[in-house]
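Protein chains: 2
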Amino acid sequence: MRKDSRLSRVLHVLVHLKMTEKPVTSDKMAEMLFTNPVVVRRTMALLRDQGYVQSTKGHNGGWSLTKPLTEITLLDIHKALGETSVFTIGLTDEHTNCPIERAVNTALKDVMDEAENLMLKRFGEITLDILGKEFK
Amino acid sequence: MRKDSRLSRVLHVLVHLKMTEKPVTSDKMAEMLFTNPVVVRRTMALLRDQGYVQSTKGHNGGWSLTKPLTEITLLDIHKALGETSVFTIGLTDEHTNCPIERAVNTALKDVMDEAENLMLKRFGEITLDILGKEFK
DNA sequence: TTATATGTAACTTTGATTGTTACATAATAT
DNA sequence: ATATTATGTAACAATCAAAGTTACATATAA
Chain R
1 MRKDSRLSRV LHVLVHLKMT EKPVTSDKMA EMLFTNPVVV RRTMALLRDQ GYVQSTKGHN
61 GGWSLTKPLT EITLLDIHKA LGETSVFTIG LTDEHTNCPI ERAVNTALKD VMDEAENLML
121 KRFGEITLDI LGKEFK
Chain B
1 MRKDSRLSRV LHVLVHLKMT EKPVTSDKMA EMLFTNPVVV RRTMALLRDQ GYVQSTKGHN
61 GGWSLTKPLT EITLLDIHKA LGETSVFTIG LTDEHTNCPI ERAVNTALKD VMDEAENLML
121 KRFGEITLDI LGKEFK
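These protein sequence lines are chains R and B, in that order.
By the count of this note's numbering, the first sequence reaches residue 136 at its end, each step adding exactly one.
By the count of this note's numbering, the second sequence reaches residue 136 at its end, each step adding exactly one.
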């Protein structure tokens, strides 16, 4: 099943952004991530919308952080990417008046919600500076 | 992001199988699930490989349970489907010698593993008969 | 005013699942 | 016996969302 690696990638980029201090262009990031500058802009734009980074045009332009890494959590970035539901498991919606389908969906949903809540809670406890710390 | 609804669908089918008692053909199941008999066979074959159902050919043939629903858990069926990793979130593997990528991956993986373990634990606690019970 | 950036719409490609066709094999009813 | 009803499965086509690409507009700085 297909995976969304934007979170992993963008976290990587954000920590590097902090290291270099000056703006990094979409082209440089694309090179670093083996992808395309437009794809980078698309993803980074979501973070800008939430106020975690800013973009500047023209010479010496590019992307830079607007907050210290200590004030950004994995949860913040996860939410900024706007991915709904973290599971590959999907529910069906074709016999909504069938009690068995409903029971199946309820059972699956309860468990997935519990697992997702735990995941989001943990993500909320991890700030990005921690990811750079292990660097040293 | 695309979802895999085989688990939801096959659970639905298994509970109905118990209700009818006699074998149900792939064609009937396909009709019920708004899909194709070959797709049904593909999925059901995975359950047969693990001994949860059997298939019989010819007249009055079809699929039937080989175990009481009380002896099958959501986890059993989930595992039988062979889906690896329940998350849409993927890790990157392009800078394995970059300490930042490693730190990002480790952080994400630890959290995902914890959430997945909780999910599998809960799945293991739910037997399929429970899904039929709510029927009454 | 030229070079360097981002912004974004429109389109193409990719990749994995699902769906389909075709035919082989097996079991049962008549 | 043999016609009918099933599954088994290989090979191929369709689908669909994400990623990638192209093209051009806009903004900023040297």
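C-beta atoms are modelled at their ideal positions from N, C-alpha and C, and glycine is treated no differently.
For residue i, which three-state DSSP category applies?
i              : result
L75 (chain B)  : helix
S55 (chain R)  : strand
V10 (chain B)  : helix
T91 (chain B)  : It is worth fixing the name first, because residue 91 (chain B) is Leu in this sequence and not Thr. Here L91 (chain B) sits in coil by DSSP.
G61 (chain B)  : coil
T153 (chain R) : The requested residue 153 (chain R) is not part of the displayed model; chain R covers only 1 to 136.
V104 (chain R) : helix
V86 (chain B)  : coil
T127 (chain R) : strand
Measure from the C-beta of residue i to each C-beta in chain R and report whether the shortest distance is under 8 angstroms.
i             : result
E83 (chain B) : yes
N97 (chain B) : no
K28 (chain B) : no
P3 (chain B)  : Strictly speaking, residue 3 (chain B) in this sequence is Lys, with Pro absent from that position. So, interface residue.
E21 (chain B) : no
V86 (chain B) : yes
T92 (chain B) : yes
Do we get a CB-CB distance below 8 angstroms when we pair residue i with the residues of chain B?
i              : result
I89 (chain R)  : yes
L131 (chain R) : yes
R9 (chain R)   : yes
E114 (chain R) : yes
V15 (chain R)  : yes
V24 (chain R)  : no
M44 (chain R)  : no
L47 (chain R)  : no
L56 (chain R)  : The identity of residue 56 (chain R) in the sequence shown is Thr, whereas the question assumes Leu. Output row for T56 (chain R): interface = no.
V53 (chain R)  : no
Beta carbon of residue i: closer than 7 angstroms to some heavy atom of the ligand ATP?
i              : result
I126 (chain R) : Absence of the ligand ATP is noted for the structure shown, with no ligands found whatsoever.
Select from the stretch 30–42 of chain B all residues with a C-beta closer than 9 angstroms to any C-beta belonging to chain R, and list them in chain order.
Flagged, chain order: M32, L33 and F34.
Beta carbons nearer than 9 angstroms to chain B: which residues of the stretch 59–80 of chain R have them?
L74 and H78
Given 8 angstroms as the limit, is there contact between the stretch 55–68 of chain R and the stretch 16–31 of chain R, that is, 3 or more CB pairs closer than that?
Segments in contact, yes.
At least three beta-carbon pairs within less than 8 angstroms, the stretch 126–133 of chain B to the stretch 30–50 of chain R
no
Kindly confirm or deny that the stretch 19–37 of chain B and the stretch 53–61 of chain B touch, where touching means at least three C-beta pairs closer than 8 angstroms.
Result yes; three or more Cβ-Cβ pairs closer than 8 angstroms.
For the 8 angstroms Cβ check, are there 3 or more pairs between the stretch 85–102 of chain R and the stretch 95–103 of chain B?
As far as the Cβ criterion goes, the stretch 85–102 of chain R does not touch the stretch 95–103 of chain B, which means the pair count is below three.
The stretch 69–77 of chain B touching the stretch 71–78 of chain R, judged by at least three CB pairs closer than 8 angstroms:
no
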